[in-house]
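The next block holds one structure in the form of structure tokens; read it before the comments.
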Amino acid sequence: MSLLQTVKLNKSFGGLHVTDDVNLTIETGEIHCLIGPNGAGKSTLFRLLLGEYAPSSGNILYQGEEITRLKPFQRVQRGISVKFQVPGIFKGLTVRQNLEIALQSRLKSKELQEEAQRLRAFLQLDGSAEERAGNLSHGQQQWLEIGMAMSLKPRLLLLDEPTAGMSPEETHMTGEMIMELNKSGISVLAVEHDMDFVRQVAHRVTVLHFGKIFAQGTIDEIMASEEVAQIYLGEPAYA
Amino acid sequence: MTRRLVQCFSRINGPQTLGRGLGFWIPFAFVLLLAFAFPMFSDDYTTGNVAYFFTWLFMAAGLCLMWGYGGTLSFGQTAFFGIGGYTYGVLTINFGADNGMTLYALAASIIFGAIMAGLLGYFLFYGRINGVFLGIVTLAVSILLERFMAQTAGPQWHIGEARLNGFNGMNGMPALTIPWPGGDIVLLAGLGFYYVVLCLLLFVYFGIRILVNSRFGNVLVAIRENPLRAEMLGYDVRKFQLGAFVIGSALASLSGVLYTCWGQYITPSSMSLTSAALPIVWVAIGGRSDITASLVGALLTLIVFQTLTVNGAQYALIIMGVLLLVNVLTAPEGLVLQLFRVRLKIRRRN
Numbered sequence: 001m002s003l004l005q006t007v008k009l010n011k012s013f014g015g016l017h018v019t020d021d022v023n024l025t026i027e028t029g030e031i032h033c034l035i036g037p038n039g040a041g042k043s044t045l046f047r048l049l050l051g052e053y054a055p056s057s058g059n060i061l062y063q064g065e066e067i068t069r070l071k072p073f074q075r076v077q078r079g080i081s082v083k084f085q086v087p088g089i090f091k092g093l094t095v096r097q098n099l100e101i102a103l104q105s106r107l108k109s110k111e112l113q114e115e116a117q118r119l120r121a122f123l124q125l126d127g128s129a130e131e132r133a134g135n136l137s138h139g140q141q142q143w144l145e146i147g148m149a150m151s152l153k154p155r156l157l158l159l160d161e162p163t164a165g166m167s168p169e170e171t172h173m174t175g176e177m178i179m180e181l182n183k184s185g186i187s188v189l190a191v192e193h194d195m196d197f198v199r200q201v202a203h204r205v206t207v208l209h210f211g212k213i214f215a216q217g218t219i220d221e222i223m224a225s226e227e228v229a230q231i232y233l234g235e236p237a238y239a
Numbered sequence: 001m002t003r004r005l006v007q008c009f010s011r012i013n014g015p016q017t018l019g020r021g022l023g024f025w026i027p028f029a030f031v032l033l034l035a036f037a038f039p040m041f042s043d044d045y046t047t048g049n050v051a052y053f054f055t056w057l058f059m060a061a062g063l064c065l066m067w068g069y070g071g072t073l074s075f076g077q078t079a080f081f082g083i084g085g086y087t088y089g090v091l092t093i094n095f096g097a098d099n100g101m102t103l104y105a106l107a108a109s110i111i112f113g114a115i116m117a118g119l120l121g122y123f124l125f126y127g128r129i130n131g132v133f134l135g136i137v138t139l140a141v142s143i144l145l146e147r148f149m150a151q152t153a154g155p156q157w158h159i160g161e162a163r164l165n166g167f168n169g170m171n172g173m174p175a176l177t178i179p180w181p182g183g184d185i186v187l188l189a190g191l192g193f194y195y196v197v198l199c200l201l202l203f204v205y206f207g208i209r210i211l212v213n214s215r216f217g218n219v220l221v222a223i224r225e226n227p228l229r230a231e232m233l234g235y236d237v238r239k240f241q242l243g244a245f246v247i248g249s250a251l252a253s254l255s256g257v258l259y260t261c262w263g264q265y266i267t268p269s270s271m272s273l274t275s276a277a278l279p280i281v282w283v284a285i286g287g288r289s290d291i292t293a294s295l296v297g298a299l300l301t302l303i304v305f306q307t308l309t310v311n312g313a314q315y316a317l318i319i320m321g322v323l324l325l326v327n328v329l330t331a332p333e334g335l336v337l338q339l340f341r342v343r344l345k346i347r348r349r350n
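Here the protein sequences come in this chain order: S and U. Under the numbering used here, think of the first position of the first sequence as 1, with each following residue one higher. Under the numbering used here, think of the first position of the second sequence as 1, with each following residue one higher.
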């Protein structure tokens, strides 16, 4: 059984068909990247999976359970966690408070403090516990949000452009962070533009085009595909 | 059990409230002592007047909780103030003050206000009405209630023995009366009433400090900062917003009941457009995101407002408006909160 599965998922806004019969599967333990040119429908699909948008038709199954009509917080409670493209943190609160609010739903005082400290170390935010989250650098804010998403011990982590606005070094470090999370048993679905990042982390890649699944495969297969290169990169394939 | 109590009280000093060390609690104890000693060196009129100021602070505390901590700006505090006051009036006029009836009426009025808030809040929050629209709807409810009560002048408008009396309002309800062996204690707007209201205020103040530093308070603050992220941490945002709205509105009802007990009257104008705006001014001037700052700001603003009303008559509201503008432009987080923070910075620097 797949961890997450969409069955003939459709979403229209008026006459505009943005998600078109998408059958996507995310297997347990994989890092799956969703790529595609601008306007391909990646963000809409992401929001459908989150529950921010209700699909026009089709189903979403999580561990075999129908979750199509569930509210976003109910999906989170079942083990799906998310990191947004624009850092979705509590900017007016300290790093410590951000992590504690995320952790308090499953841990109590002493364990909570220990886990918060472990997370800060993992996120390289050890020295910034009392810093207002809004004062952190863009990259650190992105990591903090990944930490908050991890706090829920999810089975599936949804990442929307996790490296947006990051330097190449920060992007590489984020990739390592995500691979380490994956090793701890968290499956990942990432919407991403940065092909270096995709090459670094992805086990499988799905290419969306005009709301449809255009191609699927390993990163090497996708990079070797001439059709993908034409629609996504606008040039012939390269090795 | 003891551990839980200790844990509960330790939340008084949590991160969501300013003033955690001795530098805060020693002056706090001094002010408290002063407040308890105040009637000893003051006449009955002034004591009653200060008690009058205190009665409004519950409404400010409620607004601070829902707006300052939860990010939900409600103009409906005065609607629940009116509901509390009128319910107390109807109950006590019909059932009298014997056998502790006024205390039951006080509790029933708060519960009724909370139920009404629950109903309104359910449709608002579960209907995903937020931000400015929530403000508009709650303001409409206040004005609707004011308009409705203002047209209840005829003799047909009564509930049992209680005449609603239209724009003139309801009067003649008994003051709070505590049953006591050897004769009931009637808390008229003097010494006894002052101490009861002061104790209630302390109870509410510490209660809110504990609440906002609890898990519930943490989520509330998270919702204020970023509701989508709060939901994506698995919290049902609507439930928490509704909870804060009900508690805040119940506190407004308590204000309404105490005000009605104090003056033994309640009028529809207590729910008018001007009245609905004033709690927002009090809380904004103090600093909405902290309970201490909100209450200090509200008390000071009430004193200034009354002084202006007594001396400047019709210009009082205009000056209040100017004060709010100056406050928003120079210290958007609130004057009292700003002063707290400056003091904290100076202490850290030293």
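Every residue gets a Cβ at the ideal spot worked out from N, C-alpha and C, and that includes glycine. Bear in mind the structure is a predicted one, so any value in this text is a computation, not a measurement.
The alpha carbon of THR87 of chain U has as its nearest neighbour, out of U:GLY14, U:GLY21, U:GLY154 and U:LEU254, the alpha carbon of U:LEU254. One alpha carbon belongs to ARG341 of chain U, the other to PRO154 of chain S, and they sit about 38 angstroms apart.
Under the DSSP assignment, GLN7 of chain U falls in the alpha helix (DSSP H) whose first and last residues are 2-10. Neighbours of LYS91 of chain S across chain U, judged by C-beta separation under 9 angstroms: GLU225 and ASN226.
Shortest Cα-Cα distance from VAL82 of chain S to any of U:PHE112, U:ARG229, U:VAL310 and U:THR177 involves U:ARG229. For ARG204 of chain S, no alpha helix (DSSP H) segment is defined; the enclosing uninterrupted segment is the beta strand (DSSP E) at 204-209. When only Cα atoms are considered, TYR122 of chain U and LEU242 of chain U end up about 7 angstroms apart. Counted as a single uninterrupted DSSP element, the stretch harbouring ILE186 of chain S is not any alpha helix (DSSP H), since DSSP gives it neither H nor E. Under the Cβ distance rule, GLN77 of chain S counts among the residues neighbouring chain U, one pair being separated by less than 8 angstroms.
Separation of the CB atoms of ALA276 of chain U and SER142 of chain U is rounded to 5 angstroms, and the pair is thereby assigned contact status at 8 angstroms. In the structure shown, THR138 of chain U adopts helical secondary structure according to DSSP, grouped into three states. By the neighbour-count definition (other C-beta atoms within 10 Å, threshold 16), CYS64 of chain U is a buried residue.
For TYR122 of chain U, the closest Cβ of chain S is not nearer than 8 angstroms. Across the set U:ARG238, U:PHE75 and U:LEU325, the C-alpha of U:PHE75 shows the shortest separation from the C-alpha of SER272 of chain U.
Look at ILE60 of chain S: its C-beta is not under 8 angstroms from any C-beta on chain U.
Taking 8 angstroms as the threshold, the shortest C-beta distance from ARG215 of chain U to chain S falls below it. The alpha-carbon separation between ASN99 of chain U and ALA114 of chain U amounts to approximately 25 angstroms. Rounded to whole angstroms, the separation of the alpha carbons of LYS91 of chain S and MET1 of chain S is 39 angstroms. Between HIS209 of chain S and GLY36 of chain S a beta carbon distance of about 6 angstroms is seen, short of the 8 angstroms cut, so the two are scored as contacting. Pairing GLN104 of chain S with LEU125 of chain S gives a Cβ-Cβ distance that is not under 8 angstroms. Contact between the region 145-160 of chain S and the region 187-197 of chain S is present: three or more C-beta pairs spanning the two stretches fall below 8 angstroms. As for any alpha helix (DSSP H) of minimum length 4 sitting wholly inside the region 102-160 of chain U, the runs are 131-150, ordered along the chain.
Per DSSP, the unbroken alpha helix (DSSP H) holding LEU258 of chain U starts and ends at 237-263. Within 10 angstroms of the beta-carbon of PHE9 of chain U lie fewer than 16 other beta-carbons, which makes it exposed. Chain-order list of chain S residues neighbouring ARG128 of chain U: empty, with the shortest C-beta distance near 11 angstroms, by a criterion of under 8 angstroms. Residue nearest to PRO39 of chain U within the set U:GLU333, U:LEU295, U:SER214 and U:LEU191 is U:LEU191 (criterion: CA-CA distance). In this structure, PRO55 of chain S keeps its C-beta atom at 8 angstroms or more from the C-beta atom of LEU3 of chain S.
Under the Cβ criterion (8 angstroms, minimum of three pairs), the region 61-76 of chain S does not count as touching the region 110-120 of chain S. For secondary structure counted as the beta strand (DSSP E) over 3 or more consecutive residues, the region 173-217 of chain U holds these complete runs in sequence order: 176-178 and 185-187.
Runs of the beta strand (DSSP E) lying entirely within the region 37-124 of chain S and spanning at least 3 residues, in chain order: 57-62 and 80-83.
The Cβ atoms of GLY51 of chain S and THR19 of chain S lie no closer than 8 angstroms to each other.
When DSSP states are grouped into helix, strand and coil, HIS17 of chain S belongs to the strand group.
The Cβ-Cβ distance between GLY175 of chain S and GLN200 of chain S falls below 8 angstroms. Under the 8 angstroms criterion on CB atoms, PHE46 of chain S is classed as non-interfacial with respect to chain U. Annotation: the continuous beta strand (DSSP E) that includes ALA215 of chain S extends over 212-217.
Take the alpha-carbon of SER109 of chain U and the one of ALA102 of chain S: they are about 37 angstroms apart.
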